[in-house]
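Taking it in order: structure first as structure tokens, then the write-up.
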Amino acid sequence: MSSPAGQPVVQFSGVSKCFGDVKAVDDISFDIRRGEFFSILGPSGCGKTTTLRLLAGFEEPDEDGGEVRLLGETVNKKRPYERKIAMVFQNYALFPHLTVARNVAFGLEQRKTPKGQIDGLVRRSLEMVRLKPEVFSRRMPGQLSGGQRQRVALARALVLEPAILLLDEPLGAIDLKLRKEMQLELKALNKQLGTTFVYVTHDQEEALTMSDRIAVMDNGRVAQLGTPAEIYENPRTAFVARFIGESNFFEGTAEQGGGTWDVIGREGEGFRVPHHPSLSNGKLIQIAVRPEWMDVQKPDAVPPGENALVGTVKDIIYLGETMHVIVTIPGAGDVTVALRNEGQLIKPLLWKRGDAAAVAWLPEDCQILEEE
Amino acid sequence: MGAIRERALAWLYTRPEARAWALLAPGGFWLLLFFLLPLLIMFVYSLMPRGIYGGVEPGFTLEHYARFFDPLYLQVLQRTFIWSIGCTIICLVLGYPVAYVIARGRRWRTFLLFLVVLPFWTSFLVRTFAMIFLMRDTGLLNNWMLKLGLIQEPMTILYTPFAVMAGLVYGFLPFMILPIYASLEKVDLSLLEAAEVLGARPTARFRRVTLPLSMPGVVAGSLLVFIPALGSFLTSDLLGGAKQVMIGNLVQNQFSSARNWPFGSAASFIVMALVLAAVMFYLRVKDRGPGGATPI
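Here the protein sequences come in this chain order: V and Y.
Per the numbering used here, the first sequence starts with residue 11, numbered consecutively.
Per the numbering used here, the second sequence starts with residue 50, numbered consecutively.
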């Protein structure tokens with residue numbers, strides 16, 4: 011950990027990686043700060059795993075494919091064993107022929123830790139991931155449950171006190187309840203140890219739960235980078251809006267009307283949008299609105315100042331915590347509105363299929379999307 | 050008829066044990082008839098006096114077992130063991146890298162495996178004769194070396210220990226390559242990446258991960274080479290001449306020209322006992338070794 015405080019521990023500058031004709035990673039640049047929980051989020055094939063493998067050293071960037079820097083040092087050509095990193099693999103990758111203790115000790119032995127210290131470090135590391143050393147040390151990986159293997163893999167990585175811990179969808183194979191528990195534990199470990207975590211996942215909820223910052227990847231590029239709130243509240247592209255949470259999309263032409271901006275859709279339906287630097291008169295734009303930012307009203311009861319589009323209730327989906335009312339609007343298609351279940355106030359029950367209804371929301375809640 | 054068959058099948062399906070027996074019976078019967086029974090006959094013969102014109106006379110004797118401990122035979126036994134162990138080691142040294150390349154190389158895998166199995170398309174006897182043409186004084190090897198000026202006059206290769214060893218290794222190499230390949234192929238590549246990211250350089254990675262995980266293949270391959278090498282007689286007979294007698298030749302001889310069936314049987318049983326002991330010792334050592342401790 012020789013880099014000065016404040017300097018990013020990981021820097022990608024203009025990094026590209028091709029496999030044959032396929033651009034797995036396409037000119038990506040970002041920094042990862044010391045101690046942060048950084049997630050790389052995206053659907054399969056978006057390049058997130060390749061990005062992690064470039065960081066681990068299993069892949070090299072293309073010639074003229076930019077630079078990967080670890081702790082300030084360019085590591086493009088460095089092998090994994092020359093980097094100060096540790097990694098937790100998707101399938102755990104525990105050595106099946108070694109006991110739990112020997113698995114955890116493996117990295118220490120390779121890094122020439124004095125023999126006398128190894129046992130103590132292994133014990134401490136097992137305790138850190140809440141596995142009792144006296145119970146688990148001598149077990150073989152084949153005798154452990156998925157969650158326990160996960161913890162051993164984590165202990166094996168953390169025992170090295172790496173500057174950076176890479177995690178490749180480590181929770182993908184364990185059941186939901188345990189996964190939620192591990193998410194919180196990982197987040198706590200990140201804060202407690204001060205180690206930088208780089209976490210690859212395709213699960214948006216997981217990324218939102220744990221991350222300080224998220225890089226959303228699509229098609230080998232970083233579609234958006236920001237805190238979970240930034241990304242959820244201000245998705246930059248339709249891809250991000252769709253991949254993280256749910257969104258209703260509207261398309262239309264921007265029109266300036268005395269200091270305010272309106273969007274006019276295909277069938278003449280219109281609504282107000284906040285000002286945005288990319289707006290210009292007559293420009294075709296796309297807008298996203300989160301379902302939970304909308305409300306369903308009687309067409310004649312829309313509060314003043316709110317946007318409203320009138321249509322017919324197509325379906326009502328009861329989800330317990332929330333209720334989705336789907337309203338078909340001529341020109342704009344189906345719009346989903348999420349209404350919270352507020353106990354005795356369950357007003358959505360008032361709605362039934364075929365009712366005339368207005369979908370209403372505040373102009374400020376319109377997200378003007380950039381072209382992808 | 051069809052109804053009876055159907056009911057019989059239905060009955061089998063409801064009884065897993067009966068089904069297992071039904072599946073075991075044909076093969077089991079075969080082994081019983083053609084393996085265990087002759088073995089039993091041989092054992093009985095080994096304890097009976099020798100008949101003058103072959104075969105045995107009624108009676109009981111241990112003299113055939115005692116006779117085996119003659120220094121002459123012990124020397125043959127010792128030679129056989131040394132050669133078999135040597136053959137196993139050479140096969141391992143030559144075969145492991147081949148198996149490794151086949152298991153790791155994606156593109157040529159099928160073709161290389163095909164090459165390894167190719168020799169089995171002709172009989173071992175024919176292939177051994179082919180080696181005679183290769184190694185005799187006027188054979189290809191000598192011709193080439195003469196032409197290249199490496200030697201001035203033909204070198205004796207055939208009927209030397211070298212020729213026997215070359216023949217043994219050639220014959221058994223595929224039995225080493227195939228099981229090692231099978232176990233290397235199963236090694237999860239992410240384990241190698243895990244080792245690397247934990248700081249293991251290529252040599253350490255091989256020693257600590259690849260090699261231990263391929264031990265089942267090494268063990269299986271070694272047994273598949275060692276045991277038949279110990280019993281082989283064709284190679285030493287054709288390539289070794291009279292001077293390189295192995296235990297297999299001795300036994301074969303007793304049953305053919307020497308017409309001493311009981312002694313041949315006794316020698317066979319002694320060798321079998323020794324093979325069993327050697328294999329158990331080997332497996333024991335392997336379990337205690339660095340790659341051992343295979344848990345259930």
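Using N, Cα and C, we set each Cβ at its ideal position, and we do this for glycine too.
query: Spatial neighbours of V:V386 in its chain, beta-carbon cut-off 8 Å, leaving aside the 5 residues before and after; result: Beyond the ends of chain V as shown, which are 11 and 382, falls residue 386 of chain V; an answer cannot be given.
query: Beta bridge counterpart(s) of V:M333 as assigned by DSSP; result: V:Y328 and V:L349
query: Residue burial classification, V:K27 (beta-carbon count within 10 angstroms, cutoff 16); result: buried
query: Chain Y contacts made by the segment 110 to 121 of chain V, where a contact means CB separation under 7 Å; result: F116, G117, Q120 and R121
query: Same chain, Cβ closer than 7 Å to Y:F221, neighbours up to 5 away in sequence not counted; result: C136, C140, V274, P277 and A278
query: Closer than 8 Å to chain Y by CB, V:N86; result: no
query: C-alpha distance - Y:G297 paired with Y:S172, whole-angstrom precision; result: 19 Å
query: Cutoff 8 Å: Y:G248 Cβ touching any chain V Cβ; result: yes
query: Reduced DSSP category for V:P358 - H, G, I as helix; E, B as strand; rest coil; result: With a pLDDT of only 49 at V:P358, under the threshold of 50, the placement of this residue in the model should not be trusted; the figure read from the coordinates follows. Residue state, collapsed to three classes: helix.
query: Presumed contact (8 Å Cβ cut-off) between V:G117 and V:V32, rounded CB distance; result: The pair is not a contact, with the Cβ atoms about 33 Å apart (cut-off 8 Å).
query: Residue of V:K94, V:L218, V:N101 and V:Q21 minimising C-alpha distance to Y:E245; result: V:K94
query: Length-filtered (4 minimum) alpha helix (DSSP H) runs lying within the segment 291 to 334 of chain Y; result: 296 to 304
query: Straight-line Cα distance separating V:P245 from V:V337; result: 23 Å
query: Short Cβ contact (8 Å threshold) for V:V25 with V:V85; result: no
query: C-alpha distance - V:G82 paired with V:G45, whole-angstrom precision; result: 15 Å
query: Minimum C-alpha distance to V:V260 - residue among V:F253, V:I254, V:T205 and V:I274; result: One detail in the question is off: residue 260 of chain V reads as Phe in this sequence, not Val. Closest by alpha carbon: V:I274.
query: Coil, strand or helix - V:L81 by DSSP; result: coil
query: For V:R282 and V:K87, the rounded distance between their alpha carbons; result: 53 Å
query: For Y:E106 and Y:H113, the rounded distance between their alpha carbons; result: 13 Å
query: DSSP beta-bridge partners of V:F47; result: V:F207
query: First and last residue of the uninterrupted alpha helix (DSSP H) at V:C28; result: Taken as a continuous stretch (DSSP letters only), V:C28 belongs to no alpha helix (DSSP H), being part of the beta strand (DSSP E) at V20 to F29.
query: Nearest candidate by alpha-carbon position, reference Y:M97, set Y:T110, Y:L288, Y:G289 and Y:P87; result: Y:T110
query: Backbone CA spacing between Y:V294 and Y:Y94 [nearest angstrom]; result: 24 Å
query: Residue-chain proximity (Y:S232, chain V), Cβ-Cβ < 8 Å; result: no
query: Amino acids of chain V, ordered along the chain, whose beta-carbon sits closer than 7 Å to that of Y:S239; result: F99, N101 and A103
query: Residue environment, V:V369, which counts as buried when at least 16 other CB atoms sit within 10 Å; result: buried
query: Y:G266 burial status per 10 Å Cβ neighbour count (16 or more: buried); result: buried
query: Residue(s) in a DSSP beta bridge with V:N258; result: V:V299
query: N-terminal and C-terminal residue of the alpha helix (DSSP H) that Y:K235 is part of; result: Taken as a continuous stretch (DSSP letters only), Y:K235 belongs to no alpha helix (DSSP H), as it is neither H nor E.
query: Contacting positions in the segment 259 to 286 of chain Y - beta carbon closer than 9 Å to chain V; result: P261, L262 and M264
query: With 16 other Cβ atoms within 10 Å as the buried cut-off, status of Y:L126; result: buried
query: Same chain only: Cβ atoms within 8 Å of V:T1, ignoring 5 sequence neighbours per side; result: For residue 1 of chain V there is no data in the structure shown, the boundaries of chain V being 11 and 382.
query: Residues near V:K58 in its chain [Cβ-Cβ closer than 6 Å; skip 5 each side]; result: I50, G52, V210 and M227
query: Contacts that Y:A253 makes with chain V (C-beta to C-beta distance below 7 Å); result: Q120
query: Candidates V:T263, V:E119 and V:V312, of which the one nearest V:N291 by Cα; result: V:T263
query: Bridge partner(s) assigned by DSSP for V:M97; result: V:L176
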